[in-house]
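The structure appears right after this line, and notes come after that.
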């Protein structure tokens, strides 16, 4: 009787280990990260990337503000610095104009060209970053 009970325990442990190793194999890839970890990483990267509202895109077109890789990098860096300081809504000011950015959502809300900056008041802005 003891032998039979022991063999059943061994079979149970072996099955448990086999199931665990299969589950680990399914949930990981070549780098050893799980699907959930990869998904979370991609979602976080997407949240961190700067996007433009429809209004901001329209303003870019109307005001002939040309977006390029250098300007996008400058904007990302400015928003990153503002985020570190706890900013919520920031005016990023540069030679190309002003970009109003909602920092928690990483969204450029609107833009102003240099010509539009004269005699204008910006409201609901808690920070400014010069680039």
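Numbering (our numbering), first residue to last: 15 to 145. The beta-carbon is built from N, C-alpha and C at its ideal position, and this holds for glycine as well.
Handout entry: Distance, residue 49 Cα to residue 78 Cα
Key = Residue 78 and residue 49 have their C-alpha atoms roughly 43 Å apart.
Practice task
Compute the distance between the beta-carbons of residue 141 and residue 99, then report whether it is under 8 Å.
Solution key: In this structure, residue 99 lies closer than 8 Å to residue 141 by Cβ.
Practice task
With DSSP as the reference, label residue 124 as helix, strand or coil.
Solution key: Note: residue 124 maps to strand in three-state DSSP.
Exercise for the section: Using the Cα positions of residue 132 and residue 106, report the straight-line distance between them to the nearest angstrom. Expected result: Cα to Cα, the separation comes out at about 16 Å.
Exercise for the section: Measure the alpha-carbon distance for residue 123 versus residue 54 and round it to whole angstroms. Expected result: Computed Cα separation, rounded: 26 Å.
Practice task
Alpha carbon to alpha carbon, how far is residue 120 from residue 113? Give it in angstroms, no decimals.
Solution key: Going from the Cα of residue 113 to the Cα of residue 120 covers about 12 Å.
Exercise for the section: Compare the C-beta of residue 47 with all C-beta atoms of chain E and state if any pair is closer than 8 Å. Expected result: Here chain E cannot be found, since the structure has a single protein chain.
Problem - Other residues of its chain near residue 151: CB distance less than 6 Å, five sequence neighbours each side excluded - result: The structure shown has nothing for residue 151, since the chain only spans 15 to 145.
Handout entry: Opening and closing residue of the beta strand (DSSP E) in which residue 141 lies
Key = First-last of the beta strand (DSSP E) with residue 141: 141-144.
Practice task
Answer yes or no: do residue 128 and residue 111 have a C-beta to C-beta separation smaller than 8 Å?
Solution key: Taking the C-beta atoms as reference points, residue 111 is found nearer than 8 Å to residue 128.
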